Ligand code: F6P
């Protein structure tokens, strides 16, 4: 193994730089192998200066840094790229150009740090002969076959700190405070932060809710003399009769942008006589320094991905199972999105704490 490429695709997540650092160090120190960084996801293979050598100096000091030194692109689907041809915007498939770009680099392995979308593309490129290995990244923690993706723990800590801060002001003003959190299809951030922060309501995509039930919880608390409530709501939460709420439509390149469910719930509660305020935590959950847990996990993933490359374990992804780093096929990792099981112990625990999921 002489040359490894590494890219970061999709939305960023705290810990990307920690993986890059671990890959560079392991490749150099253990295998005497050169590492090349591909800029802006798969796009780097298509541009003149899209590939940079990564040495020890390039990764010095990046372990605690959020973001990615390589840049990311969540419009970077090689199978659907928007380009202007003859003054018109069209969508084309550039996957063959990317494969050529990869071959030109004579890479012995390409490590792809990404979420569901990026890893599905990785598997398709593997079918075209690219020696690809995936590393599971996403704050949503929704990749199959692994207990944890890096970035989740950091997002969770930011979300539960936000809940703590909302608690004090909610209590002072006797308000219902709604916190809209990230989580497109999976409610792990909201469920875990809601339990860790002791919210009164948790709304997640996996458990469709009724507006009346959410209101009933706020009413019940007021009747008991608790004049404030905290509601943690996933951006992807859906009402039983209304579905998800979007702030922007999608197309072949961009997925529809979620946003607005918190505001809807806030308005409903106010219409029924309870003062409320809505906070959208948004990309604060993705930015900044990773927690120690995420740095540790990211470093283990990066080192394991290089070892897997040395063994020729392509079209596979490093994963955490029962606390041990292992690897699974990219097909297994991407065939089903990991979601909260409504019958899961964490949901039962939350219900036992008196938390409402707005479904009863
Ligand atoms: O997939 C991670 C995620 O944080 C989702 O929870 C969210 O819907 C999405 O990224 C937003 O990404 P962006 O604003 O970068 O398009």
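Residue numbers (the working numbering): 997 to 1356. No residue lacks a Cβ here, since even glycine has one placed at the ideal position from N, Cα and C. Computed from a predicted structure; not experimentally measured.
Beta-carbon proximity of residue i to residue j, cut-off 7 Å
i, j, result
"residue 1200", "residue 1186", "yes"
"residue 1276", "residue 1176", "yes"
"residue 1210", "residue 1197", "yes"
"residue 1008", "residue 1069", "no"
"residue 1059", "residue 1023", "no"
"residue 1048", "residue 1281", "no"
"residue 1226", "residue 1162", "yes"
"residue 1131", "residue 1301", "yes"
"residue 1062", "residue 1284", "yes"
"residue 1129", "residue 1305", "yes"
"residue 1214", "residue 1270", "yes"
"residue 1150", "residue 1338", "no"
"residue 1230", "residue 1183", "yes"
"residue 1160", "residue 998", "no"
"residue 1326", "residue 1340", "no"
"residue 1256", "residue 1243", "yes"
"residue 1248", "residue 1076", "yes"
"residue 1152", "residue 1189", "yes"
"residue 1094", "residue 1038", "yes"
Paired residues, beta bridge with residue i - DSSP
i, result
"residue 1201", "None; residue 1201 has no bridge partner."
"residue 1054", "Answer by DSSP bridge pairing: none, since residue 1054 is not bridged."
"residue 1317", "1320"
"residue 1065", "DSSP lists no partner for residue 1065."
"residue 1286", "Residue 1286 is not bridged to any residue."
"residue 1048", "1033"
Residue i burial status per 10 Å Cβ neighbour count (16 or more: buried)
i, result
"residue 1025", "exposed"
"residue 1020", "buried"
"residue 1114", "buried"
"residue 1052", "exposed"
"residue 1297", "buried"
"residue 1165", "exposed"
"residue 1081", "exposed"
"residue 1345", "exposed"
"residue 1239", "exposed"
Alpha-carbon spacing of residue i relative to residue j, whole angstroms
i, j, result
"residue 1079", "residue 1122", "25 Å"
"residue 1012", "residue 1057", "13 Å"
"residue 1260", "residue 1324", "41 Å"
"residue 1084", "residue 1005", "27 Å"
"residue 1354", "residue 1205", "5 Å"
"residue 1180", "residue 1278", "12 Å"
"residue 1098", "residue 1032", "11 Å"
"residue 1350", "residue 1253", "32 Å"
"residue 1251", "residue 1245", "8 Å"
"residue 1029", "residue 1155", "39 Å"
"residue 1001", "residue 1236", "45 Å"
"residue 1308", "residue 1293", "22 Å"
"residue 1017", "residue 1223", "49 Å"
"residue 1316", "residue 1119", "19 Å"
"residue 1102", "residue 1034", "13 Å"
"residue 1107", "residue 1232", "30 Å"
"residue 1274", "residue 1228", "10 Å"
"residue 1125", "residue 1290", "32 Å"
"residue 1072", "residue 1313", "20 Å"
*Taking contact to mean at least 3 C-beta pairs separated by less than 8 Å, is the segment 1081-1089 in contact with the segment 1053-1068?*
Counting Cβ pairs under 8 Å, fewer than three are found: no touch.
*Indicate whether the contact test is met: 3 or more Cβ pairs, each with one atom in the segment 1322-1333 and one in the segment 1126-1140, closer than 8 Å.*
Short answer: they touch.
*Tell me, please, whether the segment 1035-1055 touches the segment 1151-1171 by the rule of three or more beta-carbon pairs shorter than 8 Å.*
With fewer than three CB-CB distances shorter than 8 Å, the segment 1035-1055 does not count as touching the segment 1151-1171.
_Contact the segment 1277-1297 vs the segment 1146-1153: 3+ CB pairs below 8 Å_ = When C-beta atoms of the segment 1277-1297 are compared with those of the segment 1146-1153, three or more pairs fall below 8 Å, so the two segments count as touching.
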